[in-house]
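As structure tokens, the structure follows; a few thoughts come after it.
Numbering (the UniProt record's numbering), first residue to last: 1 to 132.
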């Protein structure tokens, strides 16, 4: 796991890249939240998609909802970055689209877009990358 703190628009974002699954269930998500907050002081986290178990992206497992609710409960804004094109589920696409319209959870195609969203920079020049 590699963690880098990026400062943009006076906002600190912990950018994490891992080749291993860091989020496999609710407890591992909580562990990540607490570790990042303790080690970096950041309440904005960007994580690569491949560090999250595939079941997260199957909405019928309810895993995404349970995990993302923990981020919100602990006051952490969260962006997942990577290629989401392999997911064809309309409910999942709708979920990602609606999340991107909010202020706490984002699904972005690149780390730079994830940092932009979390730092508020993208509000100045944004068009969502997900269509319904």
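Cβ coordinates follow ideal geometry from the N, Cα and C atoms, glycine included.
- Assigned with DSSP and collapsed to three states, residue 60 falls in helix.
- Around the CB of residue 44, 16 or more other CB atoms lie within 10 Å, so the residue is classed as buried.
- In this chain, residue 12 is not harboured by any alpha helix (DSSP H); it is covered by the beta strand (DSSP E) spanning 11-17.
- Straight through space, the alpha carbons of residue 58 and residue 19 are spaced by roughly 20 Å.
- Assignment of alpha helix (DSSP H) within the region 64-121, counting only whole runs of 4 or more residues, yields 90-101, 111-119 in chain order.
- Take the alpha-carbon of residue 4 and the one of residue 34: they are about 16 Å apart.
- Counting along the chain, the unbroken alpha helix (DSSP H) around residue 37 starts and ends at 26-40.
- For residue 46, the pairing in a beta bridge is given by DSSP as 15, 79.
- The continuous stretches of beta strand (DSSP E) do not include residue 20, and DSSP gives it neither H nor E.
- Here the alpha carbon of residue 86 sits roughly 15 Å from the alpha carbon of residue 53.
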